[in-house]
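Residue numbers (the working numbering): 42 to 846.
Positions of the beta carbon are idealized from the N, C-alpha and C atoms, including for glycine.
In this text the structure is predicted, and so the values were computed from the model without any measurement.
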């Protein structure tokens, strides 16, 4: 212990004699460790602790999957979920459904994001309300008592944390609903989105009875000792039994069981893995940089170390002393880095829109806790070895005779120069990998942003509307209400192109329908399937969606007329190949009425700009009537939003009126767009840090070489060399490591991009423009970094240099 304390005291004094060196080394390590710890905090929360429920490894999500190349997933029918609950296949089963609900009985009705669940939902998750209770059996049956469990955020912000809230009623969906519980703070259930209230679902009509109407998403808890693979086999056998009893219910579908964790973090996992890999590259750059600093410092300490060896210090003693100094630097850098990580977490979250955070509940409680501190300690130990071991090994074998006689500049041997040049090449390679990755992701983002969505969002405003008492309004009245609202809006000055659609374009919200062609034999595999939209006459014209053939919906398409449908080009090409779909009929699997195709329109995206253009069925909203819709208008006036909302409220006071949103903004805020925007930003930060550190490394090594070769430069200039010759000599010597590092870095960047090619859009992993740009940027920065010490070398006074010989 006394020897260790002695080493620590000596290391402290030694570093104190070179405060500038110590500060640069500590700040470099703090930067690398801090970024690493911050990203680890997110990765740990997302990929390790993302399921904050009891025994999370037993929680699974059940899906039905198309038996074809697309493998599209979809929910289950209500009756199937009830049979699953009654079976012994799982320890427990629950179902959920996501749909907003109107909060009425107030001055302004409001639509709340809501999660509709079966009574067993909280029991399956192992979650207990902080106040009150969960749902009881019977509360999820048609005609049962209506009950709601509030989220803590809704109870706190909207009801003032009222301790007497239990037993009170809220008017939800136009019906009195009893508050039976309040959830713990931060209740996370990402597949359900940003829910404010949780309601016991009470299906009625077709939703409760039809076997081919799939709308309930089941979750389950595995039985003790049962694996996910065994559960998949069991569910497949269960569905075989359902298929035998109801042949039309599960035609052409398979079943799947996935860990619930996959549903919570599945889409962000590859992004987090990429960021974690890249932030570790930054840490490596920092370690290599400090290693180069230590090598340079060790070269200047040859006389000191040689004296200690001459006085009897063994190599092991020197090695321990030098590693102690490295450990002190790493510990100081680690402490500062962990503090920086703690302070930077709010900045990391600030760049994530609230809508996207709702789908990633693991972000709500990020903190530098014991796990992160333990990780930080491990990183400190690792970095000590990474940057400290090689310099310590080199310095612990001083050239005693030469150092004591001061016969030559310390550390000028060719091997020492090669080691430092290799380290510079490694820094350059790592920086190029990060620059290349950031460039490829950035170009992917530009490609996404330049993608045509298939409609014109410019100048369009969208307002979501809904009928408060959704179950109490007959379809005919809803049709009249929609027309009345649209007439009121169209009378406003400066507005044009009013139209309606049941789901706001660009959000990705959509339902799907399976259908058959009566003129063709029923397929043995999955029935044709398409997303659908309910739109008003003039919708396609208002959004600039080209009508490729046939006609648009019109006043003649009413609830009393023959059902009609318009399809997009993708649907015609897939399900009517080589023929004209206009005039053909289709029949929905969930309906007995045929639909006549009256038109074909161009394709459009349903969600983000990077999503595929799927087959779409368009129904007239005068025939297929939804109590929720989005009103679209065009206006050049920026402040028309509130005027528009007032006009809607004046025409229909009972409507729930959402905020006016620019359709351009809706597209940019689509769920997939965050995963396109955020990684290039962070990778750009990582690449910039690595590039700065690499430049410091180049500058330091070249400067050190200039100092060591001062006598040589003086001799050269004394025998006729010009300053330009000296500059070229220095630059030529520094060019080798830069070129070698750039070549290795380009190969590494291509390999990294190939590994994560699923995150790219419209860009190859070896895009020559991006990689060429990286080389140009790196070359320019490296040239500037080496040029400054080269110019200093050219100003060496030959007389002074020769007198030192």
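One alpha carbon belongs to residue 199, the other to residue 238, and they sit about 11 Å apart. Bounds of any beta strand (DSSP E) do not take in residue 196; it lies within the alpha helix (DSSP H) bounded by 193-199. Annotated as proximal: residue 311 and residue 799, with beta-carbon spacing under 8 Å. Contact between residue 640 and residue 592 holds, since their C-beta atoms are separated by about 5 Å, short of 8 Å. Per DSSP, reduced to three states, the secondary structure at residue 152 is strand.
If you check the CB distance, residue 651 and residue 575 do not come in under 8 Å.
DSSP places residue 767 inside the alpha helix (DSSP H), whose first and last residues are 764-796. Rounded to whole angstroms, the separation of the alpha carbons of residue 252 and residue 634 is 17 Å. In the displayed model, residue 230 falls within coil according to three-state DSSP, outside both helix and strand.
Cβ-Cβ separation between residue 76 and residue 802: approximately 26 Å, too far for a contact (criterion under 8 Å). For residue 102, the closest alpha carbon among the candidates 304, 483 and 282 is that of 304.
Beta-bridge partners of residue 553 (DSSP): 572. Taking a C-beta distance under 8 Å as the contact criterion, residue 279 and residue 84 do not qualify as a contact pair.
Between residue 116 and residue 298, the gap from beta carbon to beta carbon reaches 8 Å or more. Distance between residue 138 and residue 72, taken at the CA atoms: about 45 Å. Your pair residue 581 and residue 642 checks out as a contact, with CB atoms roughly 6 Å apart and the cut at 8 Å. For residue 473, the closest alpha carbon among the candidates 516, 261 and 734 is that of 734. The region 695-707 and the region 177-191 do not touch, with fewer than 3 CB-CB distances between them shorter than 8 Å. Per DSSP, reduced to three states, the secondary structure at residue 734 is helical. Within the region 478-534, the runs of alpha helix (DSSP H) at least 4 residues long that lie entirely inside it are, in chain order, 516-531. Residue 674 and residue 250 have their C-alpha atoms spaced approximately 39 Å apart. Scanning 570, 535, 539 and 235 for the CA closest to the CA of residue 551 turns up 570. One Cα belongs to residue 362, the other to residue 425, and the distance between them is close to 13 Å.
The criterion of a C-beta distance shorter than 8 Å is satisfied by residue 638 and residue 624. The shortest C-alpha to C-alpha distance from residue 245 to any of 120, 68, 402 and 490 is the one to 120. Taking a contact as a CB-CB distance under 8 Å, the pair residue 255 and residue 105 counts as one, their CB atoms being some 7 Å apart.
In this structure, the alpha-carbon of residue 118 lies about 53 Å from that of residue 730. By a beta-carbon distance limit of 8 Å, residue 207 contacts residue 172. Their separation comes to about 6 Å. Within the same chain, 329 come within 6 Å of residue 467 by CB-CB distance, once the 5 residues on both sides are set aside. According to DSSP, residue 218 shares a beta bridge with 211.
In this structure, the CA atom of residue 711 is about 19 Å from the CA atom of residue 404. Excluding its 5 nearest sequence neighbours in each direction, residue 218 has C-beta neighbours in its own chain below 8 Å: 187, 188, 189, 210, 211, 212 and 240, listed in chain order.
Proximity to residue 384 across 741, 109, 334 and 82 peaks at 82, based on C-alpha coordinates.
Collapsing the DSSP output to three states places residue 720 in a helix.
In terms of CA proximity to residue 225, 170 leads the group 270, 215, 170 and 174. In the displayed model, residue 647 falls within coil according to three-state DSSP, outside both helix and strand.
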